[in-house]
Amino acid sequence: MADQGTYTIFVLSFITGVLFAVVLSKMSGGGLFKTLKRFCSVPVVGDTKMVLVVRKDLGMGVGKIAAQCAHAAVAVVEELRAHEPKEGVNTNSLWWSWYSAWSVTGCTKIALQCPDEAAMLEIAAHAKRDGIPYYVIRDAGRTQIAAGSKTVVAVGPAPVSKINEITGKLKLL
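My numbering numbers the first residue of the sequence shown as 15 and each following residue consecutively.
See below:
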């Protein structure tokens, strides 16, 4: 059994934490409580991830691949955020549930490779058929490859099992 000193330290630590959270929330315009509310309202959907599938036939350098993957990840998230449910509106959006779960559990992203454009477009078509968020990036053509080249497809965020059905046979980049 804990002694009086341990109990006192626990109570003081708890009160200090609560006061710190309140002060931080006031300083950040309520951001802390909004974040906690969002975290507590995330539906349980299991593990989620996003995959970034890169075409290997284009011969992009590592910096170009990194930039294209970043564009793809941001684009698919922006697409999801554009359809964010408003407070007080009842929504059953699977995509939003997946995004919410993904965003509060570490935003897992995996880079994979595919051989060519046809394979990449088949992955995008499979995601579309299965109702999984996806986004195909087309390059602007300012550096290494021709304008309009389809370079990367982002698939997800979605449950790991659904993503693996689409991309499970691809190799890591």
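All C-beta atoms in this analysis are idealised placements derived from N, C-alpha and C, irrespective of residue type, glycine included.
The stretch 88-95 makes no contact with the stretch 152-162; the number of CB pairs closer than 8 Å stays below 3. The Cβ-Cβ distance between L72 and A168 does not fall below 8 Å. Under the three-state reduction of DSSP output, R152 falls in the strand class. By the criterion of a C-beta distance shorter than 8 Å, L186 is surrounded in its chain by I124, A125, L126, Q127, once the five residues flanking it on both sides are discounted.
By the Cβ-count criterion, S175 is exposed, with fewer than 16 other Cβ atoms from all chains shown falling within 10 Å of its own Cβ.
Residue burial annotation: S107 is exposed, with fewer than 16 other C-beta atoms found within 10 angstroms of its C-beta. Annotated as distal: M74 and I137, with beta-carbon spacing of 8 Å or more. Residue pairing from DSSP places A168 in a beta bridge opposite L66, Y149. In its chain, beyond the 5 residues on either side, M74, I79, Q82, C83, A125, L126, Q127, C128, T165, V166, L187 have a beta carbon closer than 8 Å to the beta carbon of V68.
Distance between I146 and D130, taken at the CA atoms: about 21 Å. Collapsing the DSSP output to three states places K185 in a strand.
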